[in-house]
Amino acid sequence: MKKTFYLVVLSCLLILSSACSAESSDGEGSDITLNAVSFLAKDHPLTATLHDWKDRVEEATDGRVKINWRGGADAIPIGEQFEAMQSGAIDINFTYIGQYQTLMPESLSIALSQYQPWEEREQGFYDYMVERHKELDVMYIGRWLTGSPRLWLNEPIDAVSDLKGMSIRSAPNYNRFFEALGINSKMIDPSEVYTSLQTGVVKGFVYGGFSGPRKDGWTDSTKYVVDHPFWTQNCVILMNNSKWEEISEEDQKAIIEATAEYEKYMVDYYQKQDKEEIEELKANGVELIELPEQEAEKFIETAYETEWKHLEGEVPELVDKLRELTTKPD
Numbered sequence: 270m271k272k273t274f275y276l277v278v279l280s281c282l283l284i285l286s287s288a289c290s291a292e293s294s295d296g297e298g299s300d301i302t303l304n305a306v307s308f309l310a311k312d313h314p315l316t317a318t319l320h321d322w323k324d325r326v327e328e329a330t331d332g333r334v335k336i337n338w339r340g341g342a343d344a345i346p347i348g349e350q351f352e353a354m355q356s357g358a359i360d361i362n363f364t365y366i367g368q369y370q371t372l373m374p375e376s377l378s379i380a381l382s383q384y385q386p387w388e389e390r391e392q393g394f395y396d397y398m399v400e401r402h403k404e405l406d407v408m409y410i411g412r413w414l415t416g417s418p419r420l421w422l423n424e425p426i427d428a429v430s431d432l433k434g435m436s437i438r439s440a441p442n443y444n445r446f447f448e449a450l451g452i453n454s455k456m457i458d459p460s461e462v463y464t465s466l467q468t469g470v471v472k473g474f475v476y477g478g479f480s481g482p483r484k485d486g487w488t489d490s491t492k493y494v495v496d497h498p499f500w501t502q503n504c505v506i507l508m509n510n511s512k513w514e515e516i517s518e519e520d521q522k523a524i525i526e527a528t529a530e531y532e533k534y535m536v537d538y539y540q541k542q543d544k545e546e547i548e549e550l551k552a553n554g555v556e557l558i559e560l561p562e563q564e565a566e567k568f569i570e571t572a573y574e575t576e577w578k579h580l581e582g583e584v585p586e587l588v589d590k591l592r593e594l595t596t597k598p599d
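Residue numbers (the numbering used here): 270 to 599.
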């Protein structure tokens, strides 16, 4: 009799559990906590707006979706974060395309886009990236950083050819472009850049945006910024797709809409930061220089065409579509 009673109770519990699961996926949604990591620390200046994204998502979902931002490399090493998110060990990754570009070469087009994030949504590029990322079982949520790389030099230049043979502190994603310019790329740990600039081991560096070099002391010897920004920041918010599908459609929609609004705030925030930092740089003797028109065009064209040529070799069947969605008409 007891065995029969326990079986009845167990059956009722299973039915109740199934009913609750169905309500969670088809109804108003239920509480869910998403674990997130970032490749930069939570208190880094460049992650400042991510706190706002977290708040916006929680508010938009009436608290049903909560974000537990566990930290940066202190939580999970940077090189392991994308795999951890893809496998479901964590749910959200505030990352950059360099962490998974070998798995998805077309993600390079994110850096080549000439549109603002909200324009990408209007143009169809956002939806296309969502579609492509699902091939990796990843949900593409949006962007979380803005700004473009620039060359910072110890001495001014007048032509692109002046860069030939120059040693510049770099990163792997600049290798093809710098090779085309004849630049000698040097991979140097951030802690050693100051000394390398002072001693002439490198004659400059490449950096995305304006905030950072002055505070790190790099502008003590590097007083010239080639003010021809190229590409754009490639930092993205990604989520494990299986976890994404556990969220109700109502809350999925709310997250996407909240992210779209956040992107406008984020761009405005960093543009204001850049304006303030430029004034500080000028006050510290840093000069923004521009190349003659033809030289500037050559510099920018080399930056983009080198990478598009690379994509033609990696994903030739996607290049035309990617160019269409990311390139502004002349």
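Heads up, the beta-carbon is just placed ideally off N, CA and C, and yes, glycines get one too.
The structure displayed is predicted, hence computed values, not measured ones.
Quiz item: With DSSP run on the structure shown, which of helix, strand or coil describes residue 484?
Solution: Working through the sequence shown from its first residue, we reach residue 484 at position 215. Coil at residue 484, not helix or strand.
Quiz item: Which residues share a DSSP beta bridge with residue 556?
Solution: Position 287 of the sequence shown holds residue 556. Answer is 493, bridged to residue 556.
Practice problem: Look up residue 306 in the DSSP assignment and give the residues it is bridged to. | Solution: Counting from 1 along the sequence shown, the entry for residue 306 is found at position 37. Note: residue 306 sits in a beta bridge opposite 340 and 362.
Exercise. Identify the continuous beta strand (DSSP E) that holds residue 367 and give its terminal residues.
Key: As a working mapping, residue 367 is identified with position 98 in the sequence shown. Where residue 367 is concerned, there is no enclosing beta strand (DSSP E), given that its DSSP letter is neither H nor E.
Quiz item: So residue 505 and residue 365 are in contact, right, with Cβ under 8 Å, and what is the actual spacing, rounded?
Solution: Locating residue 505 in the sequence shown gives position 236, counting from the first residue. Locating residue 365 in the sequence shown gives position 96, counting from the first residue. That pair is a contact at about 7 Å.
Exercise. Could you tell me which residues DSSP puts in a beta bridge with residue 475?
Key: As a working mapping, residue 475 is identified with position 206 in the sequence shown. Answer by DSSP bridge pairing, in chain order: 420.
Quiz prompt | As assigned by DSSP and simplified to three states, the class of residue 439 | solution = The residue labelled residue 439 in the question sits at position 170 within the sequence shown. Residue 439: coil per DSSP, three-state reduction.
Quiz item: By how many angstroms is the C-alpha of residue 516 removed from the C-alpha of residue 294?
Solution: As a first step, residue 294 is located in the sequence shown; it is residue number 25 there, counting from the start. As a first step, residue 516 is located in the sequence shown; it is residue number 247 there, counting from the start. Low confidence applies here, because residue 294 scores a pLDDT of 39, under 50, leaving its location unreliable and the question unanswered by this model.
Self-check item: Beta-ladder partner(s) of residue 412, from DSSP
Solution: Stepping through the sequence shown from its first residue, residue 412 is reached at position 143. DSSP lists 505 as partners of residue 412.
Self-check item: Sheet register partners of residue 301 (DSSP bridge)
Solution: Here residue 301 is taken as the residue at index 32 of the sequence shown, counted from 1. Residue 301 is bridged to 334.
Practice problem: Compare the Cα-Cα distances from residue 414 to each of 595, 570 and 537 and report the closest residue. | Solution: Mapped onto the sequence shown, residue 414 falls at position 145. For the residues 595, 570 and 537, the minimum Cα distance to residue 414 belongs to 537.
Quiz item: Exposed or buried, residue 456, counting other C-beta atoms within 10 Å across all chains shown (16 or more means buried)?
Solution: Here residue 456 refers to the residue found at position 187 of the sequence shown. Under this definition residue 456 is an exposed residue.
Quiz item: For the putative contact between residue 310 and residue 316, defined by C-beta atoms under 8 Å, what is the C-beta separation to the nearest angstrom?
Solution: As a working note, residue 310 is residue 41 in the sequence shown. As a working note, residue 316 is residue 47 in the sequence shown. Rounded, the Cβ-Cβ distance is 7 Å, consistent with contact.
Practice problem: Closer than 6 Å by C-beta to residue 498: which residues in its own chain qualify, once you throw out the five before and the five after it? Chain order, please. | Solution: Sequence index remark: in the sequence shown, residue 498 carries index 229 (1-based). Closer than 6 Å at Cβ, skipping near neighbours: 417 and 419.
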